[in-house]
């Protein structure tokens, strides 16, 4: 009986952490390195929807599209979540990862925003750092 209770608690812990990250990530962000996409010039809204599970990025003015060109809106399929990362696939993605499969993205929550990584990149590599523009992350 104790084993079953401990197992249930262990299984619930990651879900609670993932829910927390999904609740704290939404907000307004700007690029840490590109002045044209900064909080003051062209910030973007990050929104997470539950059904269907998506992450959406929306800019007021067009911004560089990761596939080339420009866009004002990107939609990612939410594949997985944990306490500090979201695993995503860009809708309409045609690029291939180094293993030949579709490119999968990892959004890593940082102390002051987030950055982008991929499972086929070295673990320490995280690019396109984004800074939170709003005063603070939601706490509820």
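Numbering (my numbering), first residue to last: 49 to 188. In this text, a Cβ means the ideal position worked out from N, Cα and C, and glycines have one as well.
I need the boundaries of the beta strand (DSSP E) containing residue i, first residue and last residue.
{"i": "residue 123", "result": "118-129"}
{"i": "residue 163", "result": "161-165"}
{"i": "residue 115", "result": "Careful: residue 115 lies outside any beta strand (DSSP E) and carries neither H nor E."}
{"i": "residue 180", "result": "175-180"}
Cβ of residue i within 9 Å of Cβ of residue j?
{"i": "residue 105", "j": "residue 75", "result": "no"}
{"i": "residue 96", "j": "residue 134", "result": "yes"}
{"i": "residue 130", "j": "residue 100", "result": "no"}
{"i": "residue 127", "j": "residue 138", "result": "no"}
Can you grab the Cα-Cα spacing for the pair residue i / residue j, in whole Å?
{"i": "residue 177", "j": "residue 164", "result": "7 Å"}
{"i": "residue 147", "j": "residue 174", "result": "19 Å"}
{"i": "residue 141", "j": "residue 150", "result": "8 Å"}
{"i": "residue 156", "j": "residue 88", "result": "23 Å"}
{"i": "residue 111", "j": "residue 91", "result": "9 Å"}
Reducing DSSP to helix, strand and coil, say where residue i ends up.
{"i": "residue 88", "result": "coil"}
{"i": "residue 132", "result": "coil"}
{"i": "residue 72", "result": "helix"}
{"i": "residue 100", "result": "coil"}
{"i": "residue 150", "result": "strand"}
Indicate whether at least one CB of chain B lies closer than 9 Å to the CB of residue i.
{"i": "residue 148", "result": "Among the chains in the structure shown there is no chain B, since it carries only a single protein chain."}
Judging by CA-CA distance, which residue of the options is the nearest neighbour of residue i?
{"i": "residue 145", "options": "166, 102, 79", "result": "166"}
{"i": "residue 168", "options": "159, 153, 116", "result": "153"}
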